[in-house]
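Numbering-wise (this note's numbering), the sequence shown opens with residue 1 and increments by one.
We put the beta carbon where it would ideally sit given N, CA and C, even for glycine.
Treat the numbers as computed from the prediction; the structure is a model and nothing was measured.
Okay, so here's the structure we're looking at.
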Amino acid sequence: MKDGRFVAVGSNADVQNLVSAGTEVIDAAGMTVTPGFIDAHSHPAGAGVNELVHVNIDLRSVASIQDALAARARETPPGEWVIGFKYDDTKL
């Protein structure tokens with residue numbers, strides 16, 4: 001890091017040639033350091049479930065949203081829910 005920014009990424013072998021007498025080396029003890037990871041609150045498992053079983057309705061028209069939901073409804077057993085996600089009325 002230099003001035004609070006990563007100057008290189010990679011394995012120890014990849015970045016070892018950047019180390020000089022004035023370099024502070026921090027041993028992360030086998031952990032991962034992630035540059036630019038600002039939002040530590042995320043739901044990757046939920047996002048994965050959404051992509052696998054729900055209908056992504058991040059679309060640009062009401063008609064396209066209706067079409068996407070209708071297509072899923074045709075594949076869905078009677079009595080089961082059809083669930084959409086990523087609806088944003090400002091994109092219509």
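8 Å Cβ shell around residue i - same chain, five flanking residues per side excluded
i, result
"asparagine 56", "Asn50, Ala68, Gly84, Phe85, Lys86"
"alanine 8", "Asp14, Val15, Leu18"
Residue burial classification, residue i (beta-carbon count within 10 angstroms, cutoff 16)
i, result
"glycine 92", "For clarity, residue 92 is leucine in the given sequence; the question names glycine instead. Answer is exposed; the Cβ neighbour count stays below 16."
Reduced DSSP category for residue i - H, G, I as helix; E, B as strand; rest coil
i, result
"glycine 84", "strand"
"valine 55", "strand"
"arginine 5", "strand"
"alanine 42", "Residue 42 is actually serine in this sequence, not alanine. Serine 42 falls in the coil class under three-state DSSP."
Cβ pair residue i, residue j closer than 7 Å
i, j, result
"valine 82", "threonine 90", "no"
Cutoff 7 Å: residue i Cβ touching any chain D Cβ
i, result
"alanine 71", "Of the protein chains in the structure, only one exists, and it is not chain D."
7 Å Cβ shell around residue i - same chain, five flanking residues per side excluded
i, result
"phenylalanine 6", "Pro35"
"alanine 73", "Val82"
Close Cβ partners of residue i (< 6 Å) along its chain, the five nearest in sequence each way excluded
i, result
"isoleucine 65", "Ile57, Leu59"
"histidine 54", "Ile83, Phe85"
Minimum C-alpha distance to residue i - residue among the options
i, options, result
"threonine 23", "Gly48, Lys2, Asn12", "Lys2"
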